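Visitor: Sharing a structure with you now.
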Amino acid sequence: MKINANTIRPGMVLDHQGRTWSVLKIQLINPGKGGAFIQVEMRDITSGNKTNERWRTADTVERLDVRERDCQFLFKDETGCHFMDDETFDQFQLPEEAMGDQAPFLQDGMKAQVSFIEGTPVSVKLPQTVVLEVVEADPVVKGQTAAASYKPGLLENGVRIMIPPFVEAGTRVVVNTEDSTYVERAKD
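If you use full-length UniProt numbering, the sequence shown corresponds to residues 1 to 188, in order.
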C-alpha cells in the first residue's frame with residue numbers, strides 16, 4: 001500500500017529497494033530554504049543492518065501489509081525483549097535493536113502492538129506516552145525567561161530529556177515515546 005512519506009511512524013514496516021525495513025526513528029526537517037523532507041532511520045529485517053533515508057514529504061513509499069497483534073511486554077534480558085501474544089498466550093522475543101530508541105520506555109506488563117510478517121515478529125509499536133519519574137533535574141538558572149526555557153532532566157529509565165523549570169527530581173511526568181519529549185506532569 002502506497003503512503004505519503006510524511007505519514008511514516010516508528011514501528012511501520014516498509015518495502016524499499018526490494019528489501020523489508022522496520023522504521024526505528026523519524027525526523028521531520030524543515031530547512032529555511034527549499035521543501036521539507038523526512039529523515040527515516042530503518043533496520044533491515046533480514047540482515048539487521050541500519051540505514052538512513054531521506055524523502056520529500058510529498059514522496060510515496062510502499063508500506064507492507066503486516067498482521068498487527070496486541071501483545072504484552074514481559075521482560076528484557078541479554079537475549080532480547082520478551083513478549084506474550086494476548087490472544088494465543090504464545091511467548092516470543094525480539095532483539096533489543098529492533099526496538100530502536102523506544103527500548104528504554106518498555107515497562108513490565110506494558111501493552112504494545114507487534115507487527116508480524118509471515119508469523120515472524122518484526123517491529124513493536126509502544127503506546128504514544130508513558131509515565132516516568134524524574135530522578136535528576138538541574139537547578140533553574142536565575143534570570144532565564146519563563147518562555148521556552150527548559151532544563152535537562154534524567155528519567156528513571158536512564159533517558160535524558162528537556163523538562164520545564166518547575167519540574168524537580170521525584171516528579172512523575174508524561175513522556176512521548178516516539179521522540180522522547182516531555183508532554184506534561186502526570187496527574188496521579
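From the three backbone atoms N, C-alpha and C, an ideal C-beta is built for every residue, glycine too. All figures in this text were calculated on a predicted structure; none of them were measured in a lab.
(1) Assign Ser-123 to one of two classes, buried (16 or more other C-beta atoms within 10 Å of its C-beta) or exposed (fewer than that).
(2) Going by C-alpha to C-alpha distance, which of Glu-87, Leu-132 and Lys-111 sits closest to Leu-155?
(3) Which whole-angstrom value is the C-beta distance of Asp-101 and Asp-86, which I expect to be below 8 Å?
(4) Leaving out five residues before and five after residue 190 in sequence, what residues of the same chain have Cβ atoms less than 7 Å from its Cβ?
(5) Near Asn-157, which residues of its chain fall below 8 Å by C-beta distance, leaving aside the five closest residues on each side in sequence?
(6) Applying the 10 Å Cβ sphere with the 16-neighbour rule, what's the burial state of Phe-73?
(7) Which whole runs of the beta strand (DSSP E) in the UniProt domain "Elongation factor P C-terminal" (130-185) are 3 residues long or more, in chain order?
(8) Give the single residue among Ser-149, Met-99, Val-167 and Val-134 whose Cα lies nearest to the Cα of Ser-22.
(9) Identify, in the order they occur along the chain, each residue of the same chain with its Cβ nearer than 8 Å to the Cβ of Lys-2, setting aside the five sequence neighbours on each side.
(10) Measuring CB atoms only, is the segment 38-47 touching the segment 6-26, in the sense that at least three cross pairs come out at less than 8 Å?
(11) Less than 9 Å between the beta carbons of Ser-115 and Glu-68, yes or no?
(12) Among the candidates Leu-94, Thr-51, Cys-81 and Glu-97, whose CA atom is the shortest distance from the CA of Gln-107?
(13) Name the DSSP bridge partner or partners of Asp-15?
(14) Return the residue from the list Val-173, Lys-111, Arg-9 and Gly-109 that minimises the CA-CA distance to Glu-136.
(15) Spatial neighbours of Lys-50 within its chain, please: CB distance less than 6 Å, with the 5 preceding and 5 following residues excluded, ordered by chain position.
(16) Let me know if Ala-58 comes out buried or exposed under the rule of 16 or more other beta-carbons within 10 Å of its beta-carbon.
Guide: With the structure as the only source:
(1) Indexing the sequence shown from 1 puts residue 123 at position 123. It is buried - the Cβ of Ser-123 has at least 16 other Cβ atoms within 10 Å.
(2) Translated into positions along the sequence shown, residue 155 becomes position 155. The candidate whose alpha carbon is nearest that of Leu-155 is Leu-132.
(3) Reading the sequence shown from its first residue, position 101 is the one you call residue 101. Reading the sequence shown from its first residue, position 86 is the one you call residue 86. So it is not a contact: roughly 25 Å between Cβ atoms.
(4) In this structure the chain extends from 1 to 188, so residue 190 is not present and cannot be described.
(5) To locate residue 157, count along the sequence shown from 1; it is residue 157. Cβ contact annotation for Asn-157 (same chain, cutoff 8 Å, sequence separation greater than five): Pro-104, Phe-105 and Leu-132, in chain order.
(6) Here residue 73 is taken as the residue at index 73 of the sequence shown, counted from 1. Phe-73 counts as buried, since at least 16 other C-beta atoms from the protein chains shown sit within 10 angstroms of its C-beta.
(7) Here the runs fully enclosed are 151-155, 160-163, 172-176 and 181-185.
(8) Translated into the one-based positions of the sequence shown, residue 22 becomes position 22. When each option's Cα is compared against that of Ser-22, the closest is Met-99.
(9) As a working mapping, residue 2 is identified with position 2 in the sequence shown. Excluding sequence neighbours, Lys-2 sits near Thr-60, Val-61, Glu-62 and Arg-63.
(10) Contact holds: three or more Cβ-Cβ distances are below 8 Å.
(11) Locating residue 115 in the sequence shown gives position 115, counting from the first residue. Locating residue 68 in the sequence shown gives position 68, counting from the first residue. Against a cut-off of 9 Å, the Cβ pair of Glu-68 and Ser-115 comes out as a contact.
(12) Stepping through the sequence shown from its first residue, residue 107 is reached at position 107. It is Cys-81.
(13) Working through the sequence shown from its first residue, we reach residue 15 at position 15. According to DSSP, Asp-15 bridges with Thr-20 and Glu-62.
(14) Translated into positions along the sequence shown, residue 136 becomes position 136. Restricting attention to Val-173, Lys-111, Arg-9 and Gly-109, the CA atom closest to the CA of Glu-136 is found in Val-173.
(15) Indexing the sequence shown from 1 puts residue 50 at position 50. So the list reads Arg-43, once near-sequence residues are dropped.
(16) Within the sequence shown, the letter at position 58 stands for residue 58. Exposure of Ala-58 is indicated by the presence of fewer than 16 other C-beta atoms within 10 angstroms of its C-beta.
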